[in-house]
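Peer 1: As you go down the protein sequences, you meet chains A, B and C in turn.
Be aware that the first sequence starts at 1, since it is given in full-length UniProt numbering, and climbs by one per residue.
Be aware that the second sequence starts at 1, since it is given in full-length UniProt numbering, and climbs by one per residue.
Be aware that the third sequence starts at 1, since it is given in full-length UniProt numbering, and climbs by one per residue.
We put the beta carbon where it would ideally sit given N, CA and C, even for glycine.
Quick one: the structure is below, and I'll ask about it shortly.
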Amino acid sequence: MEFLLAILIGLLYASGLYMMLRRSLVKLIIGLILLGNGANLLIFLLGRITKGKPPIIPEESKFFLDAYADPVPQALILTAIVISFGLQSFAIVLIKRAYKVVKTDDLDQMNSTDEFS
Amino acid sequence: MKTIILRTASNYLLPLLLLFSIFILLRGHYLPGGGFVGGLIASIAFVLHAFANGLENTKNLIKMHPGFLMPVGLLVAFLAGVSPALISNLPFMTGIWFPEPLAVIGMVGSALFFDIGVYLVVIGVSLTIIFTITESA
Amino acid sequence: MLTAILTGFIFSLLLVVAGKYIKGKAAILSALVPLGLFIYFLQFTRQISSGEIITKTYEWVPSLGVNLGFTLDGISLIFTLMITGIGFLVFAYTATYLKGHEYLDRFYGYLGIFMAAMLGVVLSDNIISLFIFWELTSISSFFLIGFNNKEKASRKSAVLALSITGIGGLLLLAGALILGNITGTYSISEMLLSKDLIAESSHYIIIVILIFGAAFTKSAQFPFHFWLPGAMKAPTPVSTYLHSATMVKAGVYLLMRFTPSLGNTELWNTTLITVGAITMVYAAIHTLFRTDLKGILAYSTIAALGILVFLIGLGTREAFVAACVFILVHALYKATLFLVTGIIDHETGTRDVTRLSGLRKVLLPVAIAGFLAAISNAGIPPSFGFIGKDLIYEATLHFGNTGVLLTALAIITNILLLYAGFLAGIKPFTGKLPQSFEKAHMPGFLMWIPPLILAILGITIGVFPSIVQDSLIQPAVTAMGQNGSEIQIKLWHGFNLILGLSAITIGVGLLIYFLFKPSLKLEKGIAKFDKIAPKSIVESIGYGFGQGSKKVTGLIQNGYLRYYVSVIILFLVLLTGYTLLQNTKYVIDYDSFSELTVYEVLTLLVMAVGILYTVFTRSRLAAVAAMGVVGLAISLIFVYYSAPDLAMTQFSIDTLTVILFVLVLYRLPKYLKLSDRKARIKDGILSVVFGSLITVLALEVLGEPQGSQITDFYAENAYVLAKGKNVVNVILVDFRGIDTFMEIAVLTIAAIGVFSLLKLRLTKKNRK
């Protein structure tokens, strides 16, 4: 399973990057989201995946009696998921405004602020 | 999307989902759940209601701007953080608890209040974003 | 002693609020600050001359070994007295010179900072605090040179001076750090004890080069001398104080200070002699080609600094005596000449030496001061300068095989210095008074008294050299590590070779003065060589850097986001890929992996299809829907692999994201087919390579053993310390609570951002 998951993570990264390299603003955001998902899964995988043993201490016990899934990457990913929601919504709104102001969603026509004269 | 069925259902779903979100929030310390998930579920409940009944109705229902939940939540979380320093002269963010556990919830302590703060902020943030975008779309 | 240094800073700070009062008649009061300090330091003279060294240490940054240690020994005493004494006269002079100037308060503020910093330089025992004060002098000098900030030339000179001396400061810091590393201390006096350790260190050469770099830039030695003539753009009091009497001698001070711990090696002595000799001759010849009084004085100052470096390089006891005496001599006569020039400029409005003449008829006391200074400068008895010059010749003559050559160089320099001094101190006052200058009149007494005091001092000390012999010169030479018999400074040595050399110097100098006439033609003639002068080289290097960075920036920062991303990823792929290829084991341990089940494979399959569909569909709505499916599949993976919290969060967020997209999407245009086939293939290849790299990387990491102490800690203490059983939640709200708090704050900021982006704009529009 890990093997397949690693390939899939690669696929997420590749497609995310590909979408980011397009000129359309919408595709840029979709690429960003895919990349974020890939990163989350990567952290999850590298924290080693365990089946059926959530990091929850059983009732009537103060410690883990058995093997358990690593809670640290889970905590990291949880925050990452929520933060990326904030990032995405901000990016989406930014696109919307940019589109309204510049009247194009072609990234190549939005580079005038960056031009070095 | 304003079908009769959805509208009727959402009227019942909203309190149920809210209740569920609070349940998820409170049990977070012992079982899967917590402020983040709880807050998201609550926001989804409101968004669903807005889809079925229109944004205006939902806003009338909430009465206040969801944005106000953000500072309130931050304040709750912050107070939960400093409470040990104020009450027991312990360092910032040390957990303190009431001595006896409550039914259903379990031990009540500063961590729970912190989680409630998170819950409020998450609701405030997601609803502010969604409502703002819906209004200006 | 700390208080003494801080006084200047406090004075400057006070000016921020009290500035407007100082602009009027009260300006003269500010001169009390350096006067007080002068008297304060003067009272140490007896202690110092009896061989005492006064030290004070205050802790500053003890963890880095940076203490505010201050030492007052012979060397420091000469400098402190010069700084405060000349400072007093310059402060007073300024009160009239810049009377009613709009920014007089600012000027005094900079001067105060400079004085304090300069005192800090010469008193610091800790080399790091020395560096800090050193940089402060550069900065205050920058502000003072650029004081007339409306003039482009002033600004340019200020920047040039700051960059040269600033680079020197950095060299000093580097040298200081290496020294500190070797000796284990940053205290200069403690470094003395580790002299052998430093000399034997393999870094010795680097240290010496760095210290030299600092000293040569500050003291305007060839080839770094060119900032000093430019610095003459500053008002005359500044030129007097900073760029002649004190700041430029900081480099000389540094060399003197480090002579005991670093000096007395072949490298040290030869370099100093060579650089000093080149500087003094080069600059002295340059004085012949200047017509601006300040320009002449600038080059003669550089020549004098060259002499000092040269003398320190000789390294003999006689040379050190000569150096210490010459520092005083030079400070006295050069400050006088500068102040005199300032008066001339102030009263006639010109500094062109070819136009000035006959001013003694209107400015008699000033003429006397100029004359006396020129005498001392020329080394004509009975001036103090005569003693100084004799001592120099004595030092060079007694210097081994090359003594004759060195003496010859010293004579050439002194001849030309005499010419320069006469030109500045005597020429403007002799001859016929042109009509245009008849209106010139004596300035306020605050302006002409200071140069007169200095000039008279220059003669008095010449007649009674014992004033400084035991009190200043002897302790300073001792502090430079030369103990020995008592020093005897005398005006009259009897008829000997040195007297003959002096006579030759004076004779030839006078000859040149009377025969050689400075002219613009000559000045223009030498301007031809500007192309190969160090100044132009440095300037063109600076210009080249500017152009180069413009080109590079234009190339890299082309404004296309895609381009930036591809470059970053390409580098990542190349670097990581290369390392991976070198170190990969290419062994995958399938046994450690968990088993495959049908529903897992199905989930992954759905996900893969979703991803591909997202990428290749032409419909935006379909892309968003497919993305939602991918998110749900990820959520399922979290469910399979024991992460219920993640699954719930992912599910909710996925829902909200899709809703969000759908809400916005209808307002956005359809996909345009913007990129051509070639670009897509190129990007596709890069993406696939990048994705594969991540996959390989993940598999590699999975092959490594895992060990996390944090996980164990959290697992063991989740219930014991935090009374929670869902460890993920416990980490979020308890162990890493502050992180979570920051996170919700960030979320709030994002929401406010969204709100303001959409709403605030709308209300503005409504208002229209």
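Tell me which same chain residues have a C-beta within less than 7 Å of the C-beta of residue 636 of chain C, skipping the five on either side of it?
Peer 2: As a working note, residue 636 of chain C is residue 636 in the third sequence. If we look at residue 636 of chain C and ignore the five residues flanking it on each side, its Cβ neighbours are 603.
Peer 1: Out of C:348, C:215, C:562, which one is the CA nearest neighbour of residue 782 of chain C?
Peer 2: Look at the range of chain C in this structure, 1 to 768, and you will see that residue 782 of chain C is not part of it.
Peer 1: Could you tell me which of A:82, A:13, A:97 sits nearest to residue 741 of chain C, measuring between CA atoms?
Peer 2: Reading the third sequence from its first residue, position 741 is the one you call residue 741 of chain C. Nearest C-alpha to residue 741 of chain C: A:82.
Peer 1: Mind checking the segment 34-68 of chain B against chain A and listing, in chain order, the residues whose C-beta falls within less than 7 Å of any C-beta there?
Peer 2: Those would be 36, in chain order.
Peer 1: DSSP beta-bridge partners for residue 69 of chain C?
Peer 2: Here residue 69 of chain C corresponds to residue number 69 of the third sequence, with the count starting at 1. C:57.
Peer 1: Just list the residues that DSSP pairs residue 227 of chain C with in beta bridges.
Peer 2: Here residue 227 of chain C refers to the residue found at position 227 when the third sequence is read from its first residue. Per DSSP, none; premise fails for residue 227 of chain C.
Peer 1: According to DSSP, which residues form a beta bridge with residue 36 of chain C?
Peer 2: Walking along the third sequence from the start, residue 36 of chain C turns up at place 36. Bridge partners of residue 36 of chain C: none, in fact.
Peer 1: Helix, strand or coil: which one does DSSP assign to residue 187 of chain C?
Peer 2: What you label residue 187 of chain C is simply residue 187 of the third sequence in a count that begins at 1. In the structure shown, residue 187 of chain C sits in a strand (DSSP, three-state: E or B).
Peer 1: Using the C-alpha atoms, what's the distance from residue 321 of chain C back to residue 245 of chain C?
Peer 2: Taking the first residue of the third sequence as 1, we reach residue 245 of chain C at position 245. Taking the first residue of the third sequence as 1, we reach residue 321 of chain C at position 321. Between residue 245 of chain C and residue 321 of chain C, the C-alpha separation is close to 19 Å.
Peer 1: According to DSSP, simplified to helix, strand and coil, what is residue 97 of chain B?
Peer 2: Position 97 of the second sequence, counting from 1, holds the residue named residue 97 of chain B. If DSSP states are grouped into helix, strand and coil, residue 97 of chain B belongs with the strands.
Peer 1: Counting only the same chain and skipping the five closest in sequence on each side, list residues whose C-beta sits under 8 Å from that of residue 38 of chain C.
Peer 2: In the third sequence, residue 38 of chain C corresponds to position 38, counting from 1. Same-chain partners within the cutoff: 81, 84, 85, 87, 88.
Peer 1: Based on Cα-Cα distance, which residue from A:100, A:58, A:21 lies nearest to residue 715 of chain C?
Peer 2: Locating residue 715 of chain C in the third sequence gives position 715, counting from the first residue. Minimum Cα distance to residue 715 of chain C is reached at A:58.
Peer 1: Compare the C-beta of residue 31 of chain B with all C-beta atoms of chain A and state if any pair is closer than 8 Å.
Peer 2: Within the second sequence, the letter at position 31 stands for residue 31 of chain B. Yes, residue 31 of chain B lies at the interface with chain A (some Cβ there is under 8 Å from its Cβ).
Peer 1: Give the DSSP-derived three-state secondary structure of residue 56 of chain A in the structure shown.
Peer 2: Your numbering for residue 56 of chain A matches position 56 in the first sequence. Strand, per DSSP.
Peer 1: Give the single residue among A:102, A:2, A:45, A:85 whose Cα lies nearest to the Cα of residue 749 of chain C.
Peer 2: Within the third sequence, numbered from 1, the residue matching residue 749 of chain C stands at position 749. When only C-alpha atoms are compared, the closest one is A:85.
Peer 1: In chain order, what residues of the same chain lie with their CB nearer than 8 Å to the CB of residue 12 of chain A, ignoring the 5 residues before and after it?
Peer 2: Reading the first sequence from its first residue, position 12 is the one you call residue 12 of chain A. So the qualifying residues of the chain are 34, 35, 37, 38, 41.
Peer 1: Using a Cβ cut-off of 8 Å (strictly closer), state whether residue 126 of chain B contacts chain C.
Peer 2: In the second sequence, the residue the question calls residue 126 of chain B occupies position 126. So, interface residue.
Peer 1: Return helix, strand or coil for residue 109 of chain B, following the three-state DSSP convention.
Peer 2: Sequence index remark: in the second sequence, residue 109 of chain B carries index 109 (1-based). Reduced to three states, the DSSP call for residue 109 of chain B is strand.
Peer 1: So which residues of chain A does residue 129 of chain B contact, with C-beta pairs closer than 7 Å?
Peer 2: Translated into the one-based positions of the second sequence, residue 129 of chain B becomes position 129. What residue 129 of chain B touches in chain A: 89.
Peer 1: Taking the alpha carbon of residue 61 of chain A as the reference point, which residue from C:145, C:548, C:116, C:719 has its own alpha carbon closest?
Peer 2: Sequence index remark: in the first sequence, residue 61 of chain A carries index 61 (1-based). Residue 61 of chain A has its Cα closest to that of C:719, out of C:145, C:548, C:116, C:719.
Peer 1: Indicate whether residue 188 of chain C and residue 257 of chain C have their beta-carbon atoms separated by less than 8 Å.
Peer 2: In the third sequence, the residue the question calls residue 188 of chain C occupies position 188. In the third sequence, the residue the question calls residue 257 of chain C occupies position 257. Taking 8 Å as the Cβ cut-off, residue 188 of chain C and residue 257 of chain C qualify as a contacting pair.
Peer 1: Nearest chain A C-beta to residue 758 of chain C closer than 8 Å, yes or no?
Peer 2: In the third sequence, residue 758 of chain C corresponds to position 758, counting from 1. True, the Cβ-Cβ gap to chain A drops below 8 Å.
Peer 1: Using the Cα positions of residue 399 of chain C and residue 211 of chain C, report the straight-line distance between them to the nearest angstrom.
Peer 2: Position 399 of the third sequence, counted from the first residue, corresponds to residue 399 of chain C. Position 211 of the third sequence, counted from the first residue, corresponds to residue 211 of chain C. About 25 Å.
Peer 1: Do you know how far the Cα of residue 15 of chain A is from the Cα of residue 578 of chain C?
Peer 2: Position 578 of the third sequence holds residue 578 of chain C. Position 15 of the first sequence holds residue 15 of chain A. Their Cα atoms are separated by approximately 23 Å.
Peer 1: How many whole angstroms separate the CB atoms of residue 660 of chain C and residue 133 of chain B, which I take to be in contact at a CB cut-off of 8 Å?
Peer 2: What you label residue 660 of chain C is simply residue 660 of the third sequence in a count that begins at 1. What you label residue 133 of chain B is simply residue 133 of the second sequence in a count that begins at 1. Sure, about 6 Å apart at Cβ, within 8 Å.
Peer 1: Do we get a CB-CB distance below 8 Å when we pair residue 628 of chain C with the residues of chain B?
Peer 2: For this step, residue 628 of chain C is matched to residue 628 along the third sequence. Judged by the 8 Å Cβ criterion, residue 628 of chain C is not in contact with chain B.
Peer 1: Give me the chain C residues within the contact set of residue 70 of chain A, using Cβ-Cβ distance strictly less than 8 Å, ordered along the chain.
Peer 2: Translated into the one-based positions of the first sequence, residue 70 of chain A becomes position 70. Going along chain C in sequence order, the residues near residue 70 of chain A (Cβ under 8 Å) are 708, 711.
Peer 1: Are the CB atoms of residue 325 of chain C and residue 391 of chain C within a distance shorter than 8 Å?
Peer 2: Translated into the one-based positions of the third sequence, residue 391 of chain C becomes position 391. Translated into the one-based positions of the third sequence, residue 325 of chain C becomes position 325. Yes. Within cutoff.
Peer 1: Whose Cβ in chain B lies nearer than 8 Å to the Cβ of residue 10 of chain A?
Peer 2: The residue given as residue 10 of chain A occupies position 10 in the first sequence. Neighbours of residue 10 of chain A on chain B: none; closest Cβ ~28 Å, over 8 Å.
Peer 1: Under 8 Å by Cβ, that's how I've got residue 165 of chain C and residue 217 of chain C pegged, so tell me the actual separation to the nearest angstrom.
Peer 2: As a first step, residue 165 of chain C is located in the third sequence; it is residue number 165 there, counting from the start. As a first step, residue 217 of chain C is located in the third sequence; it is residue number 217 there, counting from the start. About 6 Å; that satisfies the 8 Å criterion.
Peer 1: Excluding the 5 residues flanking residue 752 of chain C on each side, which residues of the same chain have their C-beta closer than 7 Å to its C-beta?
Peer 2: Stepping through the third sequence from its first residue, residue 752 of chain C is reached at position 752. Result list for residue 752 of chain C: empty, nothing under 7 Å.
Peer 1: Closer than 8 Å by beta-carbon distance: list the chain C residues that pair up with residue 36 of chain A, in chain order.
Peer 2: Working through the first sequence from its first residue, we reach residue 36 of chain A at position 36. Simply none; closest approach about 10 Å.
Peer 1: I need the DSSP call for residue 63 of chain C, collapsed to helix, strand or coil.
Peer 2: Position 63 of the third sequence, counted from the first residue, corresponds to residue 63 of chain C. DSSP places residue 63 of chain C in helix when its eight states are reduced to three.
Peer 1: Identify the contact partners of residue 653 of chain C in chain B, using a Cβ-Cβ distance below 7 Å as the criterion.
Peer 2: The residue labelled residue 653 of chain C in the question sits at position 653 within the third sequence. Within chain B, the residues near residue 653 of chain C are 40.
Peer 1: Run through the DSSP bridge pairs and tell me what residue 502 of chain C is partnered with.
Peer 2: Taking the first residue of the third sequence as 1, we reach residue 502 of chain C at position 502. Residue 502 of chain C is not bridged to any residue.
Peer 1: Compute the distance between the beta-carbons of residue 98 of chain C and residue 235 of chain C, then report whether it is under 8 Å.
Peer 2: If you number the third sequence from 1, residue 98 of chain C lands on position 98. If you number the third sequence from 1, residue 235 of chain C lands on position 235. Yes, the pair counts as a contact, with Cβ atoms nearer than the cut-off.
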